[in-house]
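For reference, the structure is listed below as structure tokens.
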Amino acid sequence: MKALLLLSSLGVISLLAEIFSFKKLLYPLVLLGLTATFVLNIGDWNTNMSYFKMIQFDNYAVAFTSVIIVVAFLWFLMAEGFFKDETNQTDHYSLVLFALVGAVLLVSYTNMAMLFLGIEILSIPMYILAGSNKNDVLSNEAAFKYLIMGAFATGFLLFGITLIYGATGSFNLEEIKNAVSVAGSAPSIFYIGVLLMLIGLSFKVSAAPFHFWAPDVYQGAPTVITAFMATIVKTAAMAAFLRLFDDTFLRVAGTWTNVLWIMTAMTLLTGNITAVFQTSTKRMLAYSSVAHAGYMLLALLAANSYSSSAILYYTLAYSIGSIATFCIISIIADAKGSDGIHSFNGLGKTNPLLAGVMTIALLSLAGIPPTAGFFAKYYIFTSAFMAGNVGLVLIAILASLIGVYYYFRIIIAMYFKEKTDESIQVDLNHKLLLIVIAFAIIALGLFPDCVIRLL
Amino acid sequence: MITLLLIFFPLVAALLLLFVKGQQVRNIAIVAAIIEFAIVLYALTQYQHGNATQFEANYNWINSLGISFHVGMDGISLLMVLLTTFLVPIIILTSFNREYSNPSHFYSLLLAMQFALVGVFVSLDGFLFYVFWELALIPIYFICLLWGGENRARITFKFFIYTLTGSLLMLGGFIYLYLHTPGNHTFDMHALYLAGQSIGLSGQGYVFWAIFIAFAVKMPIFPFHTWQPDTYTVAPTQGTMLLSGIMLKMGTYGLIRWLLPVAPLGVEHWANVAIGLSVIGIVYASCIAIVQKDFKRLIAYSSIAHVGLISAGILAVNVQGVQGGIIQMLSHGVNVVGLFFIVDIIQKRMGTRDIASLGGIRNVNPQFAVLFLIVLLGSVALPLTNGFIGEFLLLNGVFQFNAWAAAFAGLSVILGAVYMLRSYQSIMLGETNISTQGFAPLTGNEKAVLFILCAAIIGFGVYPKPLLDIAEPSVVKLVAGVRMAMGK
Numbered sequence: 001m002k003a004l005l006l007l008s009s010l011g012v013i014s015l016l017a018e019i020f021s022f023k024k025l026l027y028p029l030v031l032l033g034l035t036a037t038f039v040l041n042i043g044d045w046n047t048n049m050s051y052f053k054m055i056q057f058d059n060y061a062v063a064f065t066s067v068i069i070v071v072a073f074l075w076f077l078m079a080e081g082f083f084k085d086e087t088n089q090t091d092h093y094s095l096v097l098f099a100l101v102g103a104v105l106l107v108s109y110t111n112m113a114m115l116f117l118g119i120e121i122l123s124i125p126m127y128i129l130a131g132s133n134k135n136d137v138l139s140n141e142a143a144f145k146y147l148i149m150g151a152f153a154t155g156f157l158l159f160g161i162t163l164i165y166g167a168t169g170s171f172n173l174e175e176i177k178n179a180v181s182v183a184g185s186a187p188s189i190f191y192i193g194v195l196l197m198l199i200g201l202s203f204k205v206s207a208a209p210f211h212f213w214a215p216d217v218y219q220g221a222p223t224v225i226t227a228f229m230a231t232i233v234k235t236a237a238m239a240a241f242l243r244l245f246d247d248t249f250l251r252v253a254g255t256w257t258n259v260l261w262i263m264t265a266m267t268l269l270t271g272n273i274t275a276v277f278q279t280s281t282k283r284m285l286a287y288s289s290v291a292h293a294g295y296m297l298l299a300l301l302a303a304n305s306y307s308s309s310a311i312l313y314y315t316l317a318y319s320i321g322s323i324a325t326f327c328i329i330s331i332i333a334d335a336k337g338s339d340g341i342h343s344f345n346g347l348g349k350t351n352p353l354l355a356g357v358m359t360i361a362l363l364s365l366a367g368i369p370p371t372a373g374f375f376a377k378y379y380i381f382t383s384a385f386m387a388g389n390v391g392l393v394l395i396a397i398l399a400s401l402i403g404v405y406y407y408f409r410i411i412i413a414m415y416f417k418e419k420t421d422e423s424i425q426v427d428l429n430h431k432l433l434l435i436v437i438a439f440a441i442i443a444l445g446l447f448p449d450c451v452i453r454l455l
Numbered sequence: 001m002i003t004l005l006l007i008f009f010p011l012v013a014a015l016l017l018l019f020v021k022g023q024q025v026r027n028i029a030i031v032a033a034i035i036e037f038a039i040v041l042y043a044l045t046q047y048q049h050g051n052a053t054q055f056e057a058n059y060n061w062i063n064s065l066g067i068s069f070h071v072g073m074d075g076i077s078l079l080m081v082l083l084t085t086f087l088v089p090i091i092i093l094t095s096f097n098r099e100y101s102n103p104s105h106f107y108s109l110l111l112a113m114q115f116a117l118v119g120v121f122v123s124l125d126g127f128l129f130y131v132f133w134e135l136a137l138i139p140i141y142f143i144c145l146l147w148g149g150e151n152r153a154r155i156t157f158k159f160f161i162y163t164l165t166g167s168l169l170m171l172g173g174f175i176y177l178y179l180h181t182p183g184n185h186t187f188d189m190h191a192l193y194l195a196g197q198s199i200g201l202s203g204q205g206y207v208f209w210a211i212f213i214a215f216a217v218k219m220p221i222f223p224f225h226t227w228q229p230d231t232y233t234v235a236p237t238q239g240t241m242l243l244s245g246i247m248l249k250m251g252t253y254g255l256i257r258w259l260l261p262v263a264p265l266g267v268e269h270w271a272n273v274a275i276g277l278s279v280i281g282i283v284y285a286s287c288i289a290i291v292q293k294d295f296k297r298l299i300a301y302s303s304i305a306h307v308g309l310i311s312a313g314i315l316a317v318n319v320q321g322v323q324g325g326i327i328q329m330l331s332h333g334v335n336v337v338g339l340f341f342i343v344d345i346i347q348k349r350m351g352t353r354d355i356a357s358l359g360g361i362r363n364v365n366p367q368f369a370v371l372f373l374i375v376l377l378g379s380v381a382l383p384l385t386n387g388f389i390g391e392f393l394l395l396n397g398v399f400q401f402n403a404w405a406a407a408f409a410g411l412s413v414i415l416g417a418v419y420m421l422r423s424y425q426s427i428m429l430g431e432t433n434i435s436t437q438g439f440a441p442l443t444g445n446e447k448a449v450l451f452i453l454c455a456a457i458i459g460f461g462v463y464p465k466p467l468l469d470i471a472e473p474s475v476v477k478l479v480a481g482v483r484m485a486m487g488k
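Below is the structure:
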């Protein structure tokens, strides 16, 4: 809760920066604020505080909030250039910070109203940020598409909430859960409501067949915003999804497991297969991000004791890997004017550091030991195996192999293709950030216990 | 402690090498590799004969999932580690005639590879084994990608995808076993053995195939071999040596250590098919080897034939077969490294590996001819060379399983003699032509490598007892355990 309050006040403070002109101080202030938020958030561990039955900071919420804040911190380090634009500086800060507030609400809600508010608080800043590259047609398209599709998803979600309220007379998750304590005891509109909410949340995590907005939005938005969407937004949406379906709706699992089974398989296959055919790395990662949602759904579908810690670990591993890849893509795209795979040709010779970190990050996304991505996949597979979803695990294994194929295209381009240009200048803090992330990916992979025993 | 030192010393050396500039990095690399070998020799002196696992180290790693960093060596592991640490300095020595670009990366990857290989051979925890298994793939992939020959990107990528497919299936198999361990689940090797033996025939059948395919790809066994000839041919010489000399043994070692004990009924039920595939591979690869024009490719195919016999012998599940398999792994490692080095020597001097365009080298360099002949005779399993004991035991083991299988497997000896002696004849004997006239004498390091290998081939062939003794108690124990689980 303290984290939530501090994040909100940081957002308001950054709005004031324009008026009281301390814009130069804002960047260090935000970093400091995020550090403080992290510490305060850790203080909520094991307190299990509930506020007005609206939000509850149980360990689940605290753990996911920590992931969100850590990733946000890394994201701010990566996105420093994004805040250089004088005219919109404070707007950018406050929009991002408010989006974080939404994200924290999404991992801690215990009431449908808070779920809805969280999604809106998270999404509306993202619609604006996606279009923050105002002179770029693609960025405008991204914002517009995101808004329309997001509104659609919200519509489904609201519809679902309404029907569930109609069936149970409550927005409170606990009461909804108890209303269906006997199987088949709820009116049929309840089940329709569950399915509508499933669709709404699938939009948000970009699960197939509701993923069509993702590639265009990811490609059109400024790269740093894409990184934000692929990591923090996805983490929060997935945590919200898990909180709702693996707890509140678990008793009506029969309604949604078959549907989700098919959606998971589709997400894994379409995401990975379509990624193979992309020539733009940003778009490739957009599809790969769809695919990663599929892996996480595997654990969600398993709904067993491993699920929440598996998704927690997966979101962390996937997010830090993505931050590194998007950071490198934006550096390359800025220097060479293109994010096509050919821009990476010969990077192993011209910029060994960038190539090395990119390789580690891609190995992690592909799930090769000893990186964090490997353990994340292993843990997800175990969870799914335990639930008896052997068929789905086989599909996921196949999907991982396809994944290796397109991630390695970048690695091959970096080390095998002849260099085309001189080396790129990278500023020191980006270098440091990338080195830290590379170490974090390996360290997380070697010592996963420090994360997974949390939940 | 010794085991930990053996695992991590090459890794530390590999990381340090990254900071060394220039060609002298290879001197440091070889010193590191020799120190590693010395550590193994020290371990040999400390080794207590018997079937117990020794030099154990066990640390909690991922507590909440029952995964531990548990390593140790019994006789079988010790021999594999001995082979690895014996071959790596030799492989480094063979590179002394070449100037690789970015030498520090090259030697660093080579030692990183050694780290993973030793890890595979000493792991006593399924998860740890899997991690090392996969870890071994990354350095060799980059060695082949960065320093390989033509078309390397496509070929090494095929190799990577192939082995990864197998590995992921194995991971599935391991998870399946893991979930059958009692209580909070554990990846401990013996717990996995018990879990595997408790799940009945159909479950063991799935486990058998999931794990067997992973090993079959690595070795490779027909029909999972299609990546191998191209990869061996295109890889730089040292990469080929690592792949064929040591990495291949990960698969055969895996059969003994993991596949037989976790799925004894599966092995028994599917042995006909698996041994059948192995034997088909022997005959098929030998026939293809006969018609090869490229000498390096010929040896690649001969390797498929040899490994097919090892696999068949191990899957027959008797003491002779498994013991023979282990002995043959050592011999094949030494011989194949020798043969690939001979290819390298010829190619460097003649600029070609085409068997038909060579000839009469013996007239120019008789010393090389003798050394080549010794390596070759080891490879075709002449008595008193190292190849003989292994093949004899293996054929004996396969014969106990099925006489017909042994008859066809025995073709490997005959066909092996055909393609090896024919290529020797064509390369070394006959008229000296214009290009082979200028065959330069062997350099110091080439002589050193070939002398060491020839000494190993003859020494091991004449007096194999010390090495046989190291593995035997462990093999007897393991085979007895597996056969008991089969109800024999």
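Protein chains in written order, with this note's numbering: chain A, 1 to 455; chain B, 1 to 488. C-beta: ideal position from N, C-alpha, C; glycine also.
In DSSP terms, what residue i is bridged to
i                : result
GLY340 (chain A) : A:SER280
ASP246 (chain A) : Answer is none; ASP246 (chain A) lacks a bridge partner.
ALA57 (chain B)  : B:VAL71
TYR178 (chain B) : Bridge partners of TYR178 (chain B): none, in fact.
SER123 (chain B) : B:VAL71
Under 8 Å by beta carbon: chain A residues contacting residue i
i                : result
ILE161 (chain B) : LEU401, VAL404, TYR405
From the options, residue whose alpha carbon lies closest to that of residue i
i                : options                                : result
TYR27 (chain A)  : A:GLN89, A:VAL180, A:PHE52             : A:GLN89
PHE86 (chain B)  : B:LEU171, B:VAL12, B:HIS269, B:LEU111  : B:LEU111
PHE139 (chain A) : A:ALA443, A:PRO222, A:THR420, A:ASP334 : According to the sequence as given, residue 139 (chain A) is Ser; it is not Phe. The shortest C-alpha separation from SER139 (chain A) is found at A:PRO222.
TRP147 (chain B) : B:HIS49, B:GLY459, B:THR233, B:LEU124  : B:THR233
ASP125 (chain B) : B:ASN63, B:ASN151, B:LEU164, B:SER198  : B:ASN63
GLY438 (chain B) : B:ALA195, B:LYS348, B:ASN272, B:LEU169 : B:LYS348
GLY373 (chain A) : A:LEU34, A:LEU97, A:LEU433, A:SER322   : A:SER322
ALA366 (chain A) : A:SER288, A:SER21, A:PHE83             : A:SER288
PHE83 (chain A)  : A:LYS24, A:ILE68, A:MET126, A:LEU105   : A:LYS24
GLY325 (chain B) : B:GLY390, B:SER108, B:ILE434, B:SER423 : B:GLY390
Contact belief for residue i with residue j at Cβ below 8 Å, rounded distance in angstroms
i                : j                : result
LEU100 (chain A) : ALA72 (chain A)  : 6 Å
GLY75 (chain B)  : PRO473 (chain B) : 6 Å
ILE7 (chain B)   : PHE115 (chain B) : 6 Å
VAL426 (chain A) : LEU354 (chain A) : 7 Å
ILE329 (chain A) : THR281 (chain A) : 5 Å
ASP216 (chain A) : GLU141 (chain A) : 7 Å
Per-residue contacts from residue i into chain A (C-beta, under 9 Å)
i                : result
GLY172 (chain B) : PHE381, PHE385, VAL390, VAL393, LEU394, ILE397
TYR176 (chain B) : PHE385, VAL390
Chain B residues whose Cβ lies nearer than 8 Å to that of residue i
i                : result
ILE412 (chain A) : LEU145, ALA153, PHE157
PHE408 (chain A) : PHE157, PHE160
Residue i beta carbon near the ligand MG (any heavy atom closer than 8 Å)
i                : result
ALA214 (chain B) : For the ligand MG, the structure offers nothing, since it holds no ligand at all.
Neighbour list for residue i in chain A, Cβ cutoff strictly below 7 Å
i                : result
SER64 (chain B)  : ASP449, ILE452, ARG453
LEU179 (chain B) : PHE385, MET386
Contact set between residue i and chain B, taken where Cβ atoms lie within less than 9 Å
i                : result
ILE368 (chain A) : GLU134, LEU135, LEU137, ILE138, LEU164
Cross-chain neighbours of residue i in chain B, by beta carbon under 7 Å
i                : result
TYR60 (chain A)  : Under the 7 Å cutoff, chain B gives no residues; its nearest Cβ is about 16 Å from TYR60 (chain A).
PHE344 (chain A) : Result: empty, since nearest Cβ-Cβ is about 14 Å, beyond 7 Å.
Worksheet item: Within the chosen definition, does the stretch 182–197 of chain A reach the stretch 36–46 of chain A through at least 3 CB pairs nearer than 8 Å?
Response: Output reads no: the stretch 36–46 of chain A does not touch the stretch 182–197 of chain A.
Item to complete: Could you say if the stretch 410–426 of chain A and the stretch 332–345 of chain A meet the contact criterion of at least three C-beta pairs nearer than 8 Å?
Response: With a cut-off of 8 Å, the stretch 332–345 of chain A and the stretch 410–426 of chain A count as touching, because enough Cβ pairs lie within range.
Discussion item. Taking contact to mean 3 or more Cβ pairs, one atom from each stretch, closer than 8 Å, check whether the stretch 99–106 of chain B and the stretch 39–50 of chain B are in contact.
Written reply: Under the Cβ criterion (8 Å, minimum of three pairs), the stretch 99–106 of chain B does not count as touching the stretch 39–50 of chain B.
Practice prompt. Decide if the stretch 204–215 of chain B is in contact with the stretch 227–245 of chain B; the criterion is three or more beta carbon pairs, one per stretch, under 8 Å apart.
Written response: Not touching, per the Cβ criterion.
Fill in: Any 3 or more C-beta pairs closer than 8 Å across the stretch 120–137 of chain B and the stretch 177–192 of chain B
The stretch 120–137 of chain B is in contact with the stretch 177–192 of chain B.
Worksheet entry | Cβ pair count under 8 Å reaching 3, the stretch 358–376 of chain B against the stretch 415–431 of chain B | Yes, the stretch 358–376 of chain B touches the stretch 415–431 of chain B.
Discussion item. Whether or not the stretch 369–389 of chain B and the stretch 249–262 of chain B are in contact is what I'm after, with contact meaning three or more pairs of Cβ atoms, one per stretch, closer than 8 Å; do they touch?
Written reply: By the C-beta criterion, the stretch 249–262 of chain B is judged not to be in contact with the stretch 369–389 of chain B, since fewer than 3 inter-stretch pairs fall below 8 Å.
Worksheet item: Touch check for the stretch 312–319 of chain B and the stretch 267–279 of chain B: three-plus C-beta pairs under 8 Å?
Response: Judged by Cβ distances under 8 Å, the stretch 312–319 of chain B makes contact with the stretch 267–279 of chain B, as three or more pairs qualify.
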